[in-house]
Ligand SMILES: Cc1ncc(COP(=O)(O)O)c(C=O)c1O
């Protein structure tokens with residue numbers, strides 16, 4: 001704290017936590033950044049963006065640069081409407097809102113659905129971005145374990161029953177990442193999706209379904225969203241960040257039209273960049289989107305496999321992880337006694353970064369043996385270098401080999 005700020009009482013909503021996510025990214029070429037949840041730069045369709053920016057200005061002219069209202073620009077909204085049936089969903093114009101990244105949609109939906117002091121339930125581990133949004137919104141957060149089929153719904157149901165029986169507060173909101181969960185990479189089974197939808201209807205809470213990674217699906221199969229089982233109790237959120245580029249900051253929400261109308265009132269920037277939407281609209285019209293997704297998934301599958309092969313070769317049975325069928329991350333568990341926060345200091349010296357597990361839990365103690373490794377950003381040679389550096393770091397911090 002410096003002399004100017006030390007007397008000032010900052011908002012109590014400010015979490016007393018270090019920067020995370022993109023805000024925390026720095027460019028240190030000697031460090032292999034497994035910490036970043038970033039797409040591969042090679043995956044960005046740069047030429048298509050160039051052409052689309054030109055077309056947007058040529059065809060839309062000043063309209064692409066003007067203020068506007070409504071759910072979002074026509075071509076982007078039409079694409080969302082056409083794409084959602086893949087997740088077993090239907091969405092009309094009044095149920096859609098294009099937002100400045102999906103993180104904004106998460107924050108806006110949270111403000112619409114909760115008041116300070118309300119209870120929200122999350123998976124354990126869960127995405128730190130949303131946890132921080134919940135903290136700044138003054139919510140009480142409780143977490144529930146996941147297993148290899150995703151959120152343990154039976155435990156959640158038991159907690160709901162107990163709360164009701166004891167006259168305790170029920171949650172207003174449940175936050176779930178159904179596909180390739182960040183950080184665990186686990187996908188929620190269809191049976192559990194159905195069950196969660198039933199519970200939301202029965203116990204009268206909303207589900208915030210964050211489907212950021214749905215298209216990054218190495219098997220090519222799509223399964224129904226939670227929204228498809230209870231559209232009146234789910235806010236479905238997704239993003240162009242992982243499939244086109246995060247720098248364009250475009251995400252969207254699908255929900256009941258009343259929720260969408262209320263969300264518009266909480267939109268801090270008034271509207272989502274019209275120009276960016278026009279550019280993306282032009283692109284989506286012209287590009288073969290399925291072929292683009294196929295290319296991305298082929299690239300990411302190879303990177304995932306290289307990271308897995310290297311981890312197994314170097315660490316043997318010393319570490320464990322589930323093999324994710326898509327998404328960005330491997331969630332690695334180190335042997336008993338290892339503290340990944342301590343290991344991170346050594347890792348940075350050895351030339352690799354990762355996110356230590358404590359960032360994904362409400363209490364840091366739960367995550368001490370875990371590390372989230374992103375396999376999408378680095379190319380194969382960098383992945384190999386990074387895993388070697390990780391191994392060196394594990395030796396330096398006396399991780400049992
Ligand atoms: C699960 C999840 N949800 C939301 C986001 C935020 O994405 P956006 O760039 O659309 O704000 C991320 C980004 O990493 C994420 O991993």
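Residue numbers (the UniProt record's numbering): 1 to 401.
Glycine included, each C-beta is placed from N, C-alpha and C at the ideal position.
- If you draw a straight line from the Cα of residue 346 to the Cα of residue 279, it is about 43 Å long.
- Here the C-alpha atom of residue 96 lies approximately 20 Å from the C-alpha atom of residue 197.
- Separation of the CB atoms of residue 112 and residue 266 is rounded to 6 Å, and the pair is thereby assigned contact status at 8 Å.
- Between the alpha carbons of residue 195 and residue 204 lies a distance of about 14 Å.
- By the criterion of a C-beta distance shorter than 7 Å, residue 141 is surrounded in its chain by 120, 122, 131, 134, 362, once the five residues flanking it on both sides are discounted.
- Under the rule that a run must span 4 or more residues, the alpha helix (DSSP H) segments found entirely inside the stretch 85-142 read 102-113, 128-136.
- The three-state reading of DSSP puts residue 251 in strand, counting E and B together.
- For residue 18, DSSP assigns no beta-bridge partner whatsoever.
- For residue 334 and residue 227, the gap between their C-alpha atoms comes out near 35 Å.
- In this structure, ligand 1 has no non-hydrogen atom nearer than 6 Å to the beta-carbon of residue 33.
- When only Cα atoms are considered, residue 285 and residue 70 end up about 20 Å apart.
- Residue 127 has its CB nearer than 6 Å to a heavy atom of ligand 1.
- Measuring C-alpha to C-alpha distances from residue 389 to each of 30, 86, 17 identifies 30 as the nearest.
- In terms of side-chain proximity, the C-beta atom of residue 270 is found no nearer than 6 Å to any non-hydrogen atom of ligand 1.
- Ranked by Cα distance from residue 52, the options 276, 368, 314, 316 are led by 276.
- When the beta-carbon positions are compared, residue 219 and residue 325 come within less than 7 Å of each other.
- Between ligand 1 and the CB of residue 20, the shortest heavy atom gap is not smaller than 6 Å.
- One Cα belongs to residue 81, the other to residue 225, and the distance between them is close to 15 Å.
- Taking a cut-off of 8 Å for Cβ pairs, the stretch 295-305 and the stretch 348-359 do not touch, as fewer than three such pairs fall below it.
- By the Cβ rule, the stretch 286-298 does not count as touching the stretch 143-157, because fewer than three pairs are nearer than 8 Å.
- Within the chosen limit of 6 Å, ligand 1 does not reach the beta carbon of residue 325 with any heavy atom.
- Cβ atoms of residue 328 and residue 374 come within 8 Å of each other, at about 5 Å.
- C-alpha of residue 256 to C-alpha of residue 60: approximately 30 Å in a straight line.
- Pairing residue 193 with residue 165, the inter-Cα distance amounts to about 24 Å.
- The nearest non-hydrogen atom of ligand 1 is 6 Å or more from the C-beta of residue 247.
- Bridge partners of residue 150 according to DSSP: 147.
- Look at the stretch 299-335 and you find these whole runs of beta strand (DSSP E), each 3 residues long or longer: 329-333.
- In the assembly as shown, residue 10 is an exposed residue. Its beta-carbon has fewer than 16 other beta-carbons within 10 Å.
- Per the DSSP secondary-structure output, residue 353 pairs in a beta bridge with 33.
- Secondary structure note for residue 170: it is in no beta strand (DSSP E), with a DSSP letter that is neither H nor E.
- DSSP, reduced to helix, strand and coil, places residue 230 outside both helices and strands of the structure shown, so it counts as coil.
- The C-alpha of residue 171 lies about 42 Å from the C-alpha of residue 316.
- Taking C-beta atoms under 8 Å as the contact rule, residue 124 and residue 366 qualify, at a distance of about 7 Å.
- Taking the C-beta atoms as reference points, residue 200 is found nearer than 7 Å to residue 230.
- For the pair residue 237 and residue 259, the Cα-to-Cα distance works out to about 13 Å.
- For residue 371, the uninterrupted beta strand (DSSP E) segment begins and ends at 370-374.
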